[in-house]
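The block underneath contains the structure these notes are about, expressed in structure tokens.
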Amino acid sequence: MKPHTPSAPALQPTALIASLCLALAACTGSGGGVADDTSGGRASSSLTTNTSGSNNGSTAANTAGNASASQGPLQPGEEGYTLTSAEFQRLYGPGVYRQDGLGNTVVGINKGQEQVVSNRFRATVNGNLSSVRLYWQTGNGYSSGNHGSIRLRLLPDDGSPQHLPDLNATPLAESVFTPGTPVEYGRPLFADVYFGGAQPMQAGQLYHLVMENVDPDPWTNFISSNNAITNDDNARPARWLAVSDWATLLGTRTPQSGDAPAWSDLTQDGLRGNHYSPILEITTADGQKQGASTMESGAVDPDRIFTLTADHPIRERFVPTATRQINGLSFATAASVAGTLRWRILQDGTERASGTIQADQPNYEALVTDTSFRVAKSVWYDVALPTPITLTAGQTWDVEFQPESDSQWVFSVSRNGSTNGFSWPAAFTESHAEHQQDGQWINANHFAHYSSGRGDTNWPVVLHQGQ
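Under mature numbering (1 follows the signal peptide of the UniProt record, and there is no 0), the residues of the sequence shown are numbered -25 to -1, 1 to 442, in order.
Listed below in structure tokens is the structure:
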């Protein structure tokens, strides 16, 4: 049963993942790992790394503002990077897009205001828009009646500093989506919406997918689009990405007035303690795709978080489809019991790199939300590998985490949307989350830790590629 909060926009903590960053108190050690607090502070933690074929020793995670390929992990910076930048292309892993929950945006009349929703994105491909896949939500407070008639238009950006949709421009593509009444009440709806008469998108340009309810009775007939959200204390939904490039905007106006909406940027400025991010897959006529579909997670504390011990390690298992050279590693976690966490990178079971991070005191906390649920907050750790590792396509690579001694560390999984029709690269399907249960590795399932999941979950891990 999904714990929904029936107001809109609303936090839906079905999908909650440990996310972004609590400053870690300074620790002693021979190396200097970076624990990143994206609210502005950074503090050192003990870090030791070694790589197969090189001498054992300590290596500091990069603390400079924006690391080059030779320096290891890319730092997020103040503004982030565009989707088409060389820097953003260095990132490989499911932790690039994060979330603490789901937040819905009603497309229709809500609390006396007509709501219009825009999903803003920077195109990474050239071509005519063929279809989009979104996460629609039904149920009390999220939808009503026959769910309305939703007009979707692909519009250019207006070029203003706020980057709003140009509502006076000719749409590059347009469609009307009518969910109808057969949808089971309270169930999510994943449907491809197809477009006709498209003009081509240009890679590198900003566009808006604008959703309006054109039903004659939008008070009675409406539906919500779902978004990934992160708690204010966990900073922006995509740590390395510029907010201009992947954002949810909410426009409000007097019902059926035809007035220009008053826009709020829910990714930049947030709403009710949360920052929003689209769950959206875009497909062109020639089959190219882009998007992000991280949609459910397990950061509800205490019900869904995973607490690691020396007898309960986890791993993110990668099978890359292209060969990649890796020189950095980032992951999000926090210590509920102080001590050491060991990480390892293994190729078909053979260790290729390893290291540790140290918390001299617990740095985990459960964050209060605008619902009765609490969500996990954790620290981003950035590690520079002393020697690059080549991830060979088709081979199995594990990034493993195991506490030492009595230490305990908290991780959370997220679902990537692949079982709901989303596909690569919107859904990160080149890895999946596993944990060791009773001595056996099984797929991570945040709803039932003792049962193997469907292979559609991921740990918050990012590998950094060289240039």
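All C-beta atoms, glycine included, are put in the ideal place defined by N, C-alpha and C.
Distance, Cα to Cα, residue i vs residue j?
i           : j      : result
Leu22       : Ile332 : The predicted position of Leu22 is uncertain, since its pLDDT is 44 and thus under 50; a value taken from the coordinates is nonetheless stated next. Looking at the two C-alpha atoms, the distance is approximately 5 Å.
Ala222      : Arg95  : 5 Å
residue 514 : Leu241 : Nothing can be reported for residue 514, as the shown portion of the chain is limited to -25 through 442.
Val275      : Thr145 : 44 Å
Ile84       : Phe386 : 39 Å
Arg390      : Glu271 : 5 Å
Ser135      : Tyr169 : 29 Å
Thr59       : Gln177 : 12 Å
Gly396      : Arg429 : 14 Å
Ile198      : Ile254 : 15 Å
Gln90       : Val82  : 6 Å
Ile280      : Ala341 : 10 Å
Arg327      : Leu366 : 10 Å
Ala148      : Gln322 : 45 Å
Ile364      : Gln231 : 58 Å
Thr259      : Gly266 : 12 Å
Ser426      : Leu283 : 16 Å
Gly226      : Trp399 : 30 Å
Glu187      : Asp234 : 13 Å
Thr3        : Arg299 : Note that Thr3 scores 25 on pLDDT, short of 50, meaning its location in the model is unreliable and no value can be drawn from it.
His424      : Asp286 : 15 Å
Thr362      : Gly441 : 11 Å
Gly262      : Asp192 : 36 Å
With a 10 Å radius around its C-beta and 16 neighbouring C-beta atoms as the bar for buried, classify residue i as buried or exposed.
i      : result
Glu291 : buried
Val189 : exposed
Gln174 : exposed
Glu256 : buried
Ala213 : buried
Ala42  : Residue placement at Ala42 cannot be trusted, given a pLDDT of 39 that sits under 50; what the coordinates show is reported in the next sentence. Buried: at least 16 other Cβ atoms inside 10 Å.
Lys352 : buried
Arg162 : exposed
Glu54  : exposed
Phe306 : buried
Pro277 : exposed
Gly314 : buried
Gln336 : exposed
Val436 : buried
Gly171 : exposed
Thr205 : buried
Phe293 : buried
Asn143 : exposed
Lys264 : buried
Gln74  : buried
Trp434 : buried
Thr99  : buried
Ala309 : buried
Starting from residue i and walking both ways along the beta strand (DSSP E), at which residues does that stretch end?
i      : result
Glu340 : Glu340 to Val343
Ala334 : Thr325 to Ala334
Phe386 : Gln383 to Phe386
Glu187 : Leu181 to Asn188
Ala423 : Unbroken run through Ala423: none, as it is neither H nor E.
Glu53  : Where Glu53 is concerned, there is no enclosing beta strand (DSSP E), given that its DSSP letter is neither H nor E.
Phe403 : Where Phe403 is concerned, there is no enclosing beta strand (DSSP E), given that its DSSP letter is neither H nor E.
Ser150 : Ala148 to Phe152
Asp240 : Ala237 to Asp240
Gly303 : Arg299 to Val312
Leu127 : Ile125 to Pro131
Checking the sheet assignment: what are the DSSP bridge partners for residue i?
i      : result
Ser353 : Looking at the DSSP assignment, Ser353 forms no beta bridge with any residue, so it has no partner.
Val107 : Val168 and Ile257
Arg390 : Glu271 and Thr432
Trp318 : Gly330 and Phe376
Glu416 : A small fix is needed here, since residue 416 is Trp in this sequence, not Glu. Bridge partners of Trp416: Gln411.
His250 : Thr205
Asp220 : Its beta-bridge partners do not exist; DSSP assigns none.
Gly87  : Note: Gly87 sits in no beta bridge, so no partner.
Gln370 : Gln370 pairs with nothing; no bridge assigned.
When the distance is taken between beta carbons, is residue j closer than 9 Å to residue i?
i      : j      : result
Ser93  : Leu184 : yes
Leu246 : Ser219 : no
Gln411 : Ile289 : yes
Ala419 : Thr432 : yes
Ser311 : Tyr339 : yes
Gly114 : Thr195 : no
Ala359 : Asn302 : yes
Pro131 : Pro140 : yes
Pro295 : Tyr67  : yes
Asn209 : Val71  : no
Thr57  : Arg97  : yes
His407 : Gly47  : no
Taking only heavy atoms of the ligand MN into account, decide whether any of them is closer than 8 Å to the Cβ of residue i.
i      : result
Arg126 : The model on display carries no ligand, and the ligand MN is accordingly not part of it.
Alpha helix (DSSP H) containing residue i: first to last residue?
i      : result
Ala178 : Ala178 -> no alpha helix (DSSP H), and no H or E assigned at all.
Ala285 : Neither: Ala285 is in no alpha helix (DSSP H) and is coded neither H nor E.
Ala64  : In the sequence as displayed, the identity of residue 64 is Gln instead of Ala. Start and end: Ala61 to Gln64.
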